[in-house]
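The working numbering puts the sequence shown at residues 11 to 156.
Note that beta-carbon positions come from the ideal geometry of N, C-alpha and C, so glycine has one too.
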Amino acid sequence: MMSYGVTKHRHVPEIEQGLSDAANSKVTVSFTPHLIPMSRGMQSTIYVELASGATTEDLYRQLEASYKDEEFVKLLEKGVIPRTHDVRGSNYCYMNVFPDRIPGRAIIISVIDNLVKGASGQALQNLNIMMGFPENTGLGYLPLFP
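Here it is, written out as structure tokens:
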């Protein structure tokens with residue numbers, strides 16, 4: 011396993027821009043990806059500071075409300091840790107929220123198959139939306155390789 015882009019990953023500006031736009035205020039992130047010798051799969055472990063008075067349960071309910079109508083994003087049952095194996099060959103993002111040991115913080119873990127959701131599957135999903143097709147058209151088939 012190897013960390014790369016430590017303190018200067020090329021995607022940090024776009025991550026911060028997207029989050030800042032969504033929050034209507036400046037958001038900064040720490041982001042360090044890690045390479046693992048596997049042919050497909052990506053896991054994100056995201057540490058967040060909760061708003062004053064907010065709880066991990068509040069964050070879970072907010073994510074549940076935000077993604078309830080999103081076919082390809084699944085918030086797992088409480089306590090279930092997302093695994094890359096479970097999304098292999100799919101266009102799904104599985105995620106969950108956990109309390110951090112530090113009060114006022116939470117941990118979000120998400121997994122995708124980066125060769126589908128992170129690449130061709132995301133492109134096809136976007137094309138479907140742009141063309142007015144059902145969002146899942148062509149996305150129910152497992153890739154053959156690797």
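Span of the beta strand (DSSP E), counted from its first residue to its last, around residue i
{"i": "P144", "result": "P144 -> no beta strand (DSSP E), and no H or E assigned at all."}
{"i": "Y57", "result": "52 to 59"}
{"i": "S120", "result": "115 to 122"}
{"i": "Y102", "result": "Counting along the chain, Y102 falls outside any beta strand (DSSP E), and DSSP gives it neither H nor E."}
{"i": "V83", "result": "83 to 85"}
Inter-residue CB distance, residue i and residue j (contact presumed, cutoff 8 Å)
{"i": "E59", "j": "R115", "result": "6 Å"}
{"i": "N101", "j": "F82", "result": "5 Å"}
{"i": "Y70", "j": "K88", "result": "7 Å"}
{"i": "N138", "j": "P144", "result": "7 Å"}
{"i": "I112", "j": "T55", "result": "Not really, about 14 Å apart at Cβ, beyond 8 Å."}
{"i": "G148", "j": "L134", "result": "6 Å"}
Cβ neighbours of residue i in the same chain (closer than 6 Å, five flanking residues each side left out)
{"i": "M121", "result": "Sequence inspection shows Val at residue 121; the Met mentioned does not correspond to that position. Counting only Cβ-Cβ distances below 6 Å, and skipping sequence neighbours, we find Q53, P92, T94, V97, Y104."}
Contact set for residue i: own chain, Cβ-Cβ below 7 Å, skip 5 residues either direction
{"i": "G99", "result": "D123, V126, L152, P153"}
{"i": "P109", "result": "T66, A116"}
{"i": "S62", "result": "none"}
{"i": "G128", "result": "M52, I122"}
{"i": "E80", "result": "none"}
{"i": "G142", "result": "none"}
{"i": "R50", "result": "R98, D123, N124, L125, P156"}
Where residue i sits in the DSSP three-state scheme
{"i": "H44", "result": "strand"}
{"i": "M2", "result": "The structure shown does not extend to residue 2, since the chain is modelled only from 11 through 156, so no value can be given for it."}
{"i": "N106", "result": "strand"}
{"i": "V39", "result": "coil"}
{"i": "I139", "result": "helix"}
{"i": "V97", "result": "helix"}
{"i": "K88", "result": "coil"}
Range of the contiguous alpha helix (DSSP H) that encloses residue i
{"i": "A75", "result": "66 to 77"}
{"i": "G28", "result": "22 to 33"}
Worksheet item: Between the stretch 12 to 31 and the stretch 42 to 49, do at least 3 Cβ pairs fall closer than 8 Å?
Response: With the cut-off at 8 Å, the stretch 12 to 31 and the stretch 42 to 49 touch.
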